[in-house]
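Q:
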């Protein structure tokens, strides 16, 4: 017998026709299978589904493959499912939820309080607003350029969500003066000494607003791997910090690096997101920003350290330059003079608490 694919009908009805075509009663067919008559009766009457085991037995008895009977049953069940308004509504909601989760990490944003919608319609409206979409089926209106060593790695939905939160926070900022490159350069040169303690970060948004920039903090989202970003929001240069790394020197370096991008004219409407510990060393733009940031941080090179670097030497050098001691430690770690596990970095000051007040 051929394994033809019939129009979708209940598998039990087709089985009854096949049994009759062989001239058997249900009892005789049950005996062929070595099964109780009730087993055959329940399949014929649609009370029991065909399993892998029973499909193999029925196929062996009637000259077909197990796959034929399983696919026959699935085709019928799927056709019935397609007729169910309730099922199709549920599947539509699954597709909508999947679309939302492809766009942004919904669970994470709910936990952060960014998304608070109680139903799917409200969530779609919130995500569309966050991503600046006319329709939830559109792609984000803004473009993200990632600076990192792996150029082929796509921008993730977590990174898109972080940037969207940054853009929304930046749009809320008021009192920003027209951009002044000279003011920003003066401020940048002062930042290393102004930020010699976590308290120095407290008034930074106002200082940047006076120079014509928006400065915001949006806590890093898990898995985003973003230290900061710089972009043009309309005609206003905007810098965002994620606080990733938490240490004063790490956040300071990120800030200086992003300021350098603005000063050097590297920013555009594309959001330039960066993972500063995973950069492409051949990227001239990044190297240029690093050199400018380094010149602000250390206008003159550090003195040659002693063979055994102690806290006293670090504090003396930091005091002479009016820098936080952890900045000196961080620079020595970066240049591999100090191990990343050095005890000199123990109890390093963090700035997360201050950034959260912005």
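In the working numbering, the protein residues as written are 1 to 358. Ideal Cβ positions, reconstructed from N, Cα and C, are used throughout, including at glycine.
(1) Less than 8 angstroms between the C-beta atoms of residue 255 and residue 191, yes or no?
(2) Between the Cα of residue 305 and those of 295, 317 and 298, spot the shortest distance and give me the residue it belongs to.
(3) Do residue 168 and residue 204 have their C-beta atoms closer together than 8 angstroms?
(4) Hey, out of 212, 287, 357 and 335, whose CA is closest to residue 219's CA?
(5) Whole angstroms are fine: how far does the CA of residue 78 sit from the CA of residue 350?
(6) Between residue 179 and residue 212, which are expected to be in contact by the criterion C-beta below 8 angstroms, what is the C-beta distance as a whole number of angstroms?
(7) Along the chain, which unbroken stretches of the alpha helix (DSSP H) at least 4 residues long are found entirely within the stretch 20-81?
(8) Report yes if the C-beta distance between residue 163 and residue 271 is below 8 angstroms; otherwise report no.
(9) Taking Cβ positions, are residue 46 and residue 105 nearer each other than 8 angstroms?
(10) What residue does the beta strand (DSSP E) around residue 274 start on, and which one ends it?
(11) Are any of the Cβ atoms in chain B nearer than 8 angstroms to that of residue 142?
(12) Count the CB pairs spanning the stretch 312-326 and the stretch 240-257 that are closer than 8 angstroms, and state whether there are at least three.
(13) CB residue 40 to CB residue 61, shorter than 8 angstroms?
(14) Assess contact between the stretch 307-322 and the stretch 285-292, defined as three or more Cβ pairs (one per stretch) separated by less than 8 angstroms. Is contact present?
(15) Just to confirm before moving on: does the CB-CB distance between residue 107 and residue 158 stay below 8 angstroms?
(16) Is residue 233 helix, strand or coil by DSSP?
(17) Residues in the same chain with beta-carbon distance under 6 angstroms from residue 342, minus the five sequence neighbours each way, listed in chain order, please.
(18) Taking the beta strand (DSSP E) that residue 215 falls in, what are its first and last residues?
(19) Using CA coordinates, which residue listed in 242, 257, 67 and 233 is at the minimum distance from residue 221?
(20) Put residue 141 into one of helix, strand or coil per three-state DSSP.
(21) Can you tell me whether residue 149 is buried or exposed, with buried defined as 16 or more other CB within 10 angstroms of its CB?
(22) Hey, would you say residue 206 sits closer than 8 angstroms to residue 230, going by beta carbons?
(23) Helix, strand or coil for residue 99 per DSSP?
(24) Alpha carbon to alpha carbon, how far is residue 345 from residue 330? Give it in angstroms, no decimals.
(25) Measure the C-alpha to C-alpha separation of residue 116 and residue 122 and round it to an integer number of angstroms.
(26) Return the residue from the list 137, 170 and 76 that minimises the CA-CA distance to residue 101.
(27) Pull up the DSSP beta-bridge partners for residue 240, would you.
A: Result, derived from the coordinates:
(1) yes
(2) The closest CA to that of residue 305, considering only 295, 317 and 298, is found on 317.
(3) no
(4) 357
(5) 57 angstroms
(6) 3 angstroms
(7) 26-33, 37-44 and 52-62
(8) yes
(9) The answer is no: Cβ separation not under 8 angstroms.
(10) 271-274
(11) Going by chain labels, chain B is absent from the structure shown, which holds only one protein chain.
(12) yes
(13) no
(14) Taking 8 angstroms as the limit for Cβ pairs, the verdict is that the stretch 285-292 does not touch the stretch 307-322.
(15) Going by C-beta atoms, residue 107 is not nearer than 8 angstroms to residue 158.
(16) DSSP, reduced to helix, strand and coil, places residue 233 within a strand of the structure shown.
(17) If we look at residue 342 and ignore the five residues flanking it on each side, it has no Cβ neighbours.
(18) 214-217
(19) 242
(20) Residue state, collapsed to three classes: coil.
(21) Since pLDDT at residue 149 reaches only 47, below the 50 mark, its modelled position is unreliable, and no value is offered.
(22) no
(23) helix
(24) The straight-line gap from Cα to Cα measures roughly 8 angstroms.
(25) 8 angstroms
(26) 137
(27) 216 and 229
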